[in-house]
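Residue numbering for the sequence shown follows the working numbering, starting at 361 and increasing by one per position. Everything on this sheet refers to the single structure shown next.
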Amino acid sequence: MSPRILRQNTVLYIAVLAGCFVAGFGLGLTPVGMRFDYVFYDFLTKYSAAIDAVSLKSDAVVVAIDEQTLRAKGGMRNIRPILSEALDELAKIGPKVVAIDVVLADPGEEDDDAKLAASLARTKGLILDCELIGNKWEDPLPEFKASAVALGHVHLAEQSPDGVSRQIPLEKKSGGDRRWALSLDAFSAFTGQPIIESSSSPSLQIGKTTIPEPVGAEGRPLMIRYLPPRTIPNISALDIQKNRGYIRDSAVFLGITALSAARDRLTNSYGNSVPGVEVHAQAFETMALGHFLIPSGGAAVLGLCIVFAIAAGLIFLYVPGWWAYAVDLLLLGAAFWIPFQSFHRGVVFPFFGPVVVAWIASAGAATSKYFFVRRQLRTSESEKSRYQQAIHWVAHEMRTPLTAIQGSSEIMTRYKLPEEKGKQLSEMINSESKRLARMIQTFLDVERLADGQMDLKKESFAAGDVVESCLKRVRPIAERKNIQIYLDTPVEAMLSGDRELMEYAFYNLLTNAVKYSPAETEIHVSGTISGGELRLSVRDQGIGMDAHELKSIFKKFYRTKRAEASGEVGTGIGLSIVEQIVTHHNGRMEVESEPGKGSCFTIIVTASNPKVPPAAESPAKSPNAETFNR
Ligand code: ADP
Numbered sequence: 361m362s363p364r365i366l367r368q369n370t371v372l373y374i375a376v377l378a379g380c381f382v383a384g385f386g387l388g389l390t391p392v393g394m395r396f397d398y399v400f401y402d403f404l405t406k407y408s409a410a411i412d413a414v415s416l417k418s419d420a421v422v423v424a425i426d427e428q429t430l431r432a433k434g435g436m437r438n439i440r441p442i443l444s445e446a447l448d449e450l451a452k453i454g455p456k457v458v459a460i461d462v463v464l465a466d467p468g469e470e471d472d473d474a475k476l477a478a479s480l481a482r483t484k485g486l487i488l489d490c491e492l493i494g495n496k497w498e499d500p501l502p503e504f505k506a507s508a509v510a511l512g513h514v515h516l517a518e519q520s521p522d523g524v525s526r527q528i529p530l531e532k533k534s535g536g537d538r539r540w541a542l543s544l545d546a547f548s549a550f551t552g553q554p555i556i557e558s559s560s561s562p563s564l565q566i567g568k569t570t571i572p573e574p575v576g577a578e579g580r581p582l583m584i585r586y587l588p589p590r591t592i593p594n595i596s597a598l599d600i601q602k603n604r605g606y607i608r609d610s611a612v613f614l615g616i617t618a619l620s621a622a623r624d625r626l627t628n629s630y631g632n633s634v635p636g637v638e639v640h641a642q643a644f645e646t647m648a649l650g651h652f653l654i655p656s657g658g659a660a661v662l663g664l665c666i667v668f669a670i671a672a673g674l675i676f677l678y679v680p681g682w683w684a685y686a687v688d689l690l691l692l693g694a695a696f697w698i699p700f701q702s703f704h705r706g707v708v709f710p711f712f713g714p715v716v717v718a719w720i721a722s723a724g725a726a727t728s729k730y731f732f733v734r735r736q737l738r739t740s741e742s743e744k745s746r747y748q749q750a751i752h753w754v755a756h757e758m759r760t761p762l763t764a765i766q767g768s769s770e771i772m773t774r775y776k777l778p779e780e781k782g783k784q785l786s787e788m789i790n791s792e793s794k795r796l797a798r799m800i801q802t803f804l805d806v807e808r809l810a811d812g813q814m815d816l817k818k819e820s821f822a823a824g825d826v827v828e829s830c831l832k833r834v835r836p837i838a839e840r841k842n843i844q845i846y847l848d849t850p851v852e853a854m855l856s857g858d859r860e861l862m863e864y865a866f867y868n869l870l871t872n873a874v875k876y877s878p879a880e881t882e883i884h885v886s887g888t889i890s891g892g893e894l895r896l897s898v899r900d901q902g903i904g905m906d907a908h909e910l911k912s913i914f915k916k917f918y919r920t921k922r923a924e925a926s927g928e929v930g931t932g933i934g935l936s937i938v939e940q941i942v943t944h945h946n947g948r949m950e951v952e953s954e955p956g957k958g959s960c961f962t963i964i965v966t967a968s969n970p971k972v973p974p975a976a977e978s979p980a981k982s983p984n985a986e987t988f989n990r
C-alpha cells in the first residue's frame, strides 16, 4: 500500500474511533444512559446485599406506628400518647439508641406533652428529628429537646429522575447552623463516638469508621446500599415486648409507617415503596456495615472510555484475523467487569457510557478493518492489472525499436554496405536505441511518481524560461506540419518545484497539440496569472475529444479513437505523467475540448512570486466546448 493511502487509512481509522468514543460517551450522559446506570446500580445493590444478608444481624430496628397501632390507639390524634407508650415499652428493654422520626415541634394537649416529655427523659440515646422550613430550623419543643442527645435532620436527597431515593444528605445547613442527618447522629450515639470532620479530606470519622465523601459534593451525600426487604426488623409498636431480642442494644428508628399517615413514602432500589423512617434505618445500616460507595470522578470515566476506544482500535489493528474478535470479547467482558468490581470496592462507575464505547468502538474498528482489507485487496488487484497492462505495453511498444535495431545491426554485420547506407543504418540504431531508453525512462518515472518514491526538487524557477525552452524544442517538429505556434502573452511568473519535471509536462502538452492537429493550423500558448495562480495554456485547432473521452485521457494507456485513427504513434501514458507532475506541485489540470475543433490544456499551479499583478483574466471558453477539471 502506498504511504499516502496508508496515511489516509490511519487518519480515517483514528477518526472512526474518536467518533465512536464521542458517541458512546455522549450517550452515557443522556437520560437514557443514566437510566441504565441506575438500573445497574440497583442490580448491584440487590445482588451484593443478598449475599451479605445471609449472615447479617441488623443493628437497626424499625419500630413502626403502623395501621394496626393507629387503629388500636385512636389514630393520629393520639400520636403523642402512642409515642410515650412505645418509649416506655422500649425503655424496659434497653435499646442503645432511639431515633424518633416524628415532628414534635408544635404544642399538643398539655397532659400528653407532659407525659411524652417524661417518657423522652427516661429514654437513653434519644435522637429527635428537626426540619429545615424555608431557612429556619424547626426543632422539637424545648421540653422534648432537653432530653435528646442530638437533633438530626430527616431530609432526604432529591429523588433520581426514575423516582428512586438512593442518597441522603448527611449534612444540612442554614446559615451557620448545621445539623447532621438523623441516621448519622444515631450511628454516632450507637458507637458512642463523636462525629469528627477530617481537615485533610471531605470524609467524616466516627470511631474507627470513615465515611468517605466525594470531593466537592454538596451536603455530604451518602449513597444508601439498601438491604433486602425484612433484613432490618420492622416491629409494630404494639409488639415491642414480643421482640425484645431484636430491640435490646439496638438502634431503634421509631416512626410512622401507616400508609394513611406517613408523610414521606419513597421508592427504594428494590422498587418498593417504603416510609422515610425505614430509609433512615437503611442509611444507618450502610454506615454500621461500612458499605460505603462514592461515585467515580468524571475524569476516571472519561479515561476509561478513552482506554476502551484505543484498546478496540489496537486489537483490530494488530491482532490478525478472527483472533481479533476473540480478543475483543475480552475487552467487552472487561467493560462489564470493571464497573462490577469497582462497585465491590466502593466506587460507583457509570455502566452505560464505557460499555457503549467499548461496543461501538469495537464495531467501528471491525468494520473499518473489513473495509480497509477490501480496499487493500482492490488496490492490489488493480495494481496487478496495472502491472499486467504495463508488461503488455512494454512488450508491444519495445518490439518496434528492438526489431529495427536488431534488423539494422544484422544487415550491417552480414553485408558489406556502401558508406552512405551504413551511416543511415547506424543513425537508425542510434535513434531507435535512444527512443527505447526514453520509453524505459518514461515508464520508470510514472511508476516511481505513482509510488511516491520520486522526490521532487524544490527550486525556484521562472515559468517563462520553461515555456521558452519547450517552444524552442517543439518548433522544428511543428514546422514539419506547417503548424504555427504563438506565444499570446509573455509568461512572467516564478514557480517553485522541480523545473525538469514541469518542463517535461509542458513539453508533453505541446507535442500532443502538434501531434493531434492537422497541418496548416495554429497553436496558441498563454500564461496568465489569476488569484496568485499561473494558468499555462496550450490551445490547438486539432482533432479534439468529446466529453466521454475527456474523462479518461489521464488514465494510463488510454487513447481516444480519433487519436488511434489519426495514425499518430502514441502510448497513452504521457498525460498521466503530466497530471501526476502537476498534482505533485499542488496544482491541477483543466481541459476544454470539442471534437473537430480543438483542445485547450491548462496547467494551473501556484505562482510563488508573480511578477504580473493579478488582473489578467483567463481566456474565454468557447460556448459549446467540453470542460474537464482535474
Ligand atoms: P499519447 O499521445 O502517447 O497517446 P497521452 O497520454 O499524451 O498519450 O495522451 C492520451 C490521449 O489523449 C491521446 O492518445 C489522445 O487521444 C488524447 N489527447 C492528448 N492530447 C490531445 C490533443 N491535444 N488533442 C486531442 N487529443 C489529445
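Beta carbons: idealized from backbone N, C-alpha and C, even for Gly.
Beta-carbon gap between residue i and residue j smaller than 8 Å
i      : j      : result
ALA718 : ALA672 : yes
ASP906 : SER959 : no
GLY904 : GLY956 : yes
ALA517 : PHE644 : no
ASP397 : PHE712 : yes
PRO529 : GLY579 : yes
ALA446 : LEU587 : no
MET436 : ALA621 : yes
GLY902 : THR966 : no
ASP858 : LYS817 : yes
Close-in-space but distant-in-sequence residues of the same chain around residue i (CB under 7 Å, 5 per side omitted)
i      : result
ALA980 : Only weak support exists for where ALA980 lies, its pLDDT of 35 falling under 50; the coordinates are left without a value.
GLN527 : ALA517, PRO581, LEU582, MET583, ILE584
VAL679 : VAL687
GLU770 : none
PHE381 : CYS665, ILE666, ALA669, VAL717, ALA721
GLN565 : ILE556, SER558
Nearest residue (CA-CA) to residue i, options the options
i      : options                        : result
ILE837 : VAL715, THR871, LEU861         : THR871
GLU950 : LEU896, GLU909, SER968         : LEU896
ALA541 : PHE914, SER886, HIS515         : HIS515
TYR867 : ILE845, GLU503, THR849         : ILE845
SER890 : VAL874, ILE883, VAL851         : VAL851
ARG948 : GLY902, LEU894, PRO593         : LEU894
GLN642 : THR617, ASN603, ILE592, ASP624 : ILE592
LYS496 : ALA725, VAL707, ASP537         : ASP537
PRO878 : THR773, LEU691, SER926         : SER926
TYR401 : VAL376, LEU416, PRO502, SER656 : SER656
DSSP-derived helix/strand/coil call for residue i
i      : result
GLN527 : strand
ILE425 : strand
ALA907 : helix
GLY956 : coil
LEU587 : coil
TRP497 : strand
TRP683 : helix
SER633 : strand
SER740 : helix
GLU939 : helix
Neighbour-count burial assignment, residue i, 16 or more Cβ in a 10 Å radius
i      : result
VAL634 : buried
SER768 : buried
LYS911 : exposed
MET583 : buried
MET862 : buried
TYR876 : buried
GLU638 : buried
ALA695 : buried
LEU480 : buried
PRO974 : In this prediction, PRO974 has a pLDDT of 45, which is less than 50 and means its spatial position is unreliable; nothing more can be read from the coordinates.
SER745 : exposed
GLU909 : buried
PRO589 : exposed
Close-in-space but distant-in-sequence residues of the same chain around residue i (CB under 8 Å, 5 per side omitted)
i      : result
ALA865 : ILE937, VAL938, ILE941, VAL942, ILE963
LYS505 : LEU488, ASP499, LEU511
ARG795 : PRO761
CYS830 : GLU863, PHE866, TYR867, LEU870
Spatial neighbours of residue i in its chain, beta-carbon cut-off 6 Å, leaving aside the 5 residues before and after
i      : result
PHE732 : ASN369
ASN594 : VAL422, ALA424
ASN628 : TYR586, VAL634
PHE550 : LYS456, VAL457, ALA611
Any chain E beta carbon closer than 8 Å to residue i
i      : result
THR888 : Absent from the structure is chain E; it holds one protein chain and no more.
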